[in-house]
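Report on the following structure.
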Amino acid sequence: MLDIKFVRENFSTVELALAARGAATDIAGLKNKDADRLALLQEIESLRFERNTVSDRIATLKKAGEDAADLMRDMRNVSAAIKEKDKTLAALDTAIQEMLLGLPNLPHPSVPVGNSAADNVEIRKVGTPPVSDGTPKAHWDLGEQLGILDFERAAKIAGARFPLYLGAGARLERALVNFMLDVHTTRHGYKEVLPPFMVNRTAMTATGQLPKFEADLFKLDGWDYYLIPTAEVPVTNIHQGEILDEAMLPIFYTAFTPCFRSEAGSYGKDTRGLIRQHQFNKVELVKFVAPENSYEELETLTANAEYILQQLNLAYRVVTLCAGDLGFSAAKTYDIEVWMPAQNQYREISSCSNFEDFQARRGNIRFRSKGKKGTRFVHTLNGSGLAVGRTVAAIMENCQLPDGSIRIPDALRPFMGGQETIEK
RNA sequence: GGAGAGAUGGCCGAGUCGGCUGAAGGCGCUCGCCUGCUAAGCGAGUAUGCGGGUAACACUGCAUCGAGGGUUCGAAUCCCUCUCUCUCCGCCA
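With this note's numbering applied, the first sequence closes on residue 432, and no number is skipped along the way.
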C-alpha cells in the first residue's frame, strides 16, 4: 500500500510511476476523496473537542450540585451531529482504503522501462547448458518412462495440473527440499519456519494477494481460509501488527511449503509437466530489514537462491523485470531462469523481490530504533530458493543420459542415500 | 461438539456506584545523580495513529483499554454481536 501522505504530497510523481507500470488508476479521484476526508475529520475533531470540554464542565457542575440541563441538551445535539458526520467519514475512509489497496507499488528508479517480459533485462548468465548429441527429452516424457511421474493418475485423483511423484521422483523432490533448507539455514543464516498452509483474508491482504487477485487463489468454502499461493504470505505475516526492535533486524526466514494456485487464465500454457501446477512445493526466503539496507539485501537474497543452482550445476540467467512486468507488490524483482533443454529456453525458477514498505504498511510491520522517537515500516523481501518442482524438472532435463536415465547432481546424493542415477 | 473463565501500555497488574484514567502500582528500559568494583539507592523520562503548529524542537487537538455496534452530556467501566485465549468434558492424528 502506498502512503496516502506521500501520494498527497507527490501527486505527479506517483501518477507517472504508476503509469510506467501500465496501471490504470484513478489517482485524481483518490486525491479528492483524501482532501474531503481531511476537511471532514477536522470538523469532527473540533466538535469532539467541544463535547469533551463541555462534558467535563457538566461533571463539575453536577458534583457541585448545580443544574446542567441546558448544557446536556446542547451536547445531545452536538453528539447527534458527530454521529451523522462520522457516517460520512467512515464511508470516505472505506473508499480511500479500497482505492489504496488496489494501487500497485511504485517501481524503483533502477527498474527498466518496458511493457512486457520481452523488455526484461538480462543481467548475467551463469553456467553452460549441456550439449547433447540427440534431441533432449522433456521431463514429462522422462518421468513417465522412468515411472517417477504420473500425471494421468494425478488427474484421476484430483484433476489437471496436479503432480504425482513416485519412488525416486518423490525422493528427489524431498531431497531437494532438505538440501535447500540445509543450505539456507546453515550457510546463509536463515531461520527455518514451518507455517500454516492456509491463511485468513487479513494475511492475504497484507502481502498484496487480496483484494485484487482473489481469482488466483483457492478459498475454502464456508471458511475465512485461503490456501497459500506461496510461503511469502504466512511467513511475512509472522510479524504482522508488530513493532520490532531495530536490534532484531535483519530477520531472515526460510520455509518449505506446498503452494496452491488456481492458474486462472493460463489455460493452454505449460499444459504438460511440472512447470505450471495447481499444487507445487517451494522453499521460500523471506527478509525483514531496515529500509537503508533493503537493496543490498535483495542482491544477497538473489545470490542465495542462485547458489542452489550453482551447487546443482544447472545453467541459469538472471533478469531484471521491467516496470510493466513487475508484480503488484514489488518495487524491484530479479527473476532467476534455469535452462530447460527440451524447451530450448530459460524458464523462471525463482523470483526475488524487494517490496520496500508496501507490504509492511498493509500488514503494519514496524520497527523502533533505540534513542529515536516513533516507528518506521520495515522493508520486506522474498524470493524462491527455489521452486522445487521446477528444479526437479530442470535436473531431469539437464542431467538426462542418452539411455533416458538421470544422473543425480553430486550435491544431492547425500540426500538420496548416495544414489547416483535414476534408472528404469 | 458441550460447559465455564478471560482479553487493559514492552511485560505483570489495578480500575470502586460510568465523570482530570492514556490509564494507579510494580517490573523492564533510557538519561542524570550518588557510590572507588558488582550490587543497592535517589531523581526524571518511557505507547501508537491521524491532524494543527515549528526552520527544527516546544506546544496542541482527536482517536485507541481484543474487534464492531448500542445506551449516555460523558464509557476501559453498562448492554448486544463477533473474534481469540485459557480450563473441564467428549472426540481425534
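Every residue gets a Cβ at the ideal spot worked out from N, C-alpha and C, and that includes glycine.
With DSSP run on the structure shown, which of helix, strand or coil describes residue i?
{"i": "MET348", "result": "strand"}
{"i": "PRO266", "result": "strand"}
{"i": "ASP75", "result": "coil"}
{"i": "GLY391", "result": "strand"}
{"i": "LEU293", "result": "strand"}
{"i": "THR279", "result": "coil"}
{"i": "ILE104", "result": "helix"}
{"i": "MET9", "result": "coil"}
{"i": "LYS145", "result": "coil"}
{"i": "LEU252", "result": "strand"}
{"i": "LYS381", "result": "coil"}
{"i": "TYR173", "result": "strand"}
{"i": "THR429", "result": "strand"}
{"i": "ARG195", "result": "helix"}
{"i": "GLU364", "result": "coil"}
{"i": "GLU356", "result": "strand"}
{"i": "THR21", "result": "helix"}
{"i": "THR328", "result": "strand"}
{"i": "LYS227", "result": "strand"}
{"i": "ARG376", "result": "strand"}
{"i": "VAL62", "result": "helix"}
{"i": "PHE205", "result": "coil"}
I'd like to know whether the C-beta atoms of residue i and residue j end up nearer to each other than 8 Å.
{"i": "HIS147", "j": "ALA339", "result": "no"}
{"i": "GLY332", "j": "SER124", "result": "yes"}
{"i": "LYS41", "j": "ALA103", "result": "yes"}
{"i": "THR238", "j": "LYS290", "result": "yes"}
{"i": "CYS440", "j": "ALA313", "result": "The requested residue 440 does not occur in the structure, where the chain is confined to residues 9 to 432."}
{"i": "LEU100", "j": "MET9", "result": "no"}
{"i": "SER337", "j": "ASN85", "result": "no"}
{"i": "LEU55", "j": "LEU97", "result": "no"}
{"i": "ASN372", "j": "GLN248", "result": "yes"}
{"i": "LEU218", "j": "ARG209", "result": "yes"}
{"i": "LEU309", "j": "VAL346", "result": "no"}
{"i": "LYS432", "j": "LEU174", "result": "no"}
{"i": "LYS164", "j": "ALA350", "result": "no"}
{"i": "ALA263", "j": "ARG370", "result": "no"}
{"i": "LEU26", "j": "MET107", "result": "no"}
{"i": "ASP253", "j": "PHE375", "result": "yes"}
{"i": "THR383", "j": "ALA368", "result": "no"}
{"i": "MET80", "j": "ARG59", "result": "no"}
Can you tell me the Cα-Cα spacing of residue i and residue j, whole angstroms?
{"i": "ARG355", "j": "VAL327", "result": "11 Å"}
{"i": "PHE14", "j": "LEU172", "result": "49 Å"}
{"i": "ILE316", "j": "PHE423", "result": "14 Å"}
{"i": "GLU307", "j": "LYS93", "result": "49 Å"}
{"i": "MET188", "j": "VAL134", "result": "19 Å"}
{"i": "GLU250", "j": "PHE363", "result": "18 Å"}
{"i": "PRO299", "j": "ASN352", "result": "39 Å"}
{"i": "GLY216", "j": "PRO120", "result": "22 Å"}
{"i": "ALA176", "j": "ARG284", "result": "21 Å"}
{"i": "MET1", "j": "ASP78", "result": "The structure shown does not extend to residue 1, since the chain is modelled only from 9 to 432, so the question has no answer here."}
{"i": "TYR261", "j": "SER358", "result": "16 Å"}
{"i": "LEU420", "j": "LEU293", "result": "20 Å"}
{"i": "ASP343", "j": "GLU428", "result": "30 Å"}
{"i": "PHE221", "j": "MET348", "result": "29 Å"}
{"i": "ARG169", "j": "PHE226", "result": "14 Å"}
{"i": "ILE156", "j": "VAL139", "result": "24 Å"}
{"i": "ALA32", "j": "CYS330", "result": "17 Å"}
{"i": "ASP75", "j": "LEU69", "result": "7 Å"}
{"i": "ARG132", "j": "GLN318", "result": "13 Å"}
{"i": "MET212", "j": "SER87", "result": "37 Å"}
Answer with buried or exposed for residue i, where buried requires no fewer than 16 other C-beta atoms within 10 angstroms of its C-beta.
{"i": "VAL400", "result": "buried"}
{"i": "TYR275", "result": "exposed"}
{"i": "GLN408", "result": "buried"}
{"i": "ASP229", "result": "exposed"}
{"i": "THR398", "result": "The displayed chain sequence assigns Arg, not Thr, to residue 398. By the 10 Å Cβ count, ARG398 comes out buried."}
{"i": "PHE57", "result": "exposed"}
{"i": "VAL297", "result": "buried"}
{"i": "ALA272", "result": "exposed"}
{"i": "ASN390", "result": "buried"}
{"i": "GLU305", "result": "buried"}
{"i": "VAL129", "result": "exposed"}
{"i": "ASP418", "result": "exposed"}
{"i": "SER392", "result": "buried"}
{"i": "THR265", "result": "buried"}
### Message
Can you confirm whether the stretch 150-168 touches the stretch 409-416 when touching is taken to mean that 3 or more C-beta pairs between the two stretches lie within less than 8 Å?
### Response
yes
### Task
Flag this pair as touching only if the stretch 181-194 and the stretch 240-259 have three or more C-beta atom pairs under 8 Å; answer yes or no.
no
#### Entry: Segment contact flag, the stretch 275-284 with the stretch 249-261, C-beta cutoff 8 Å, min 3 pairs
no
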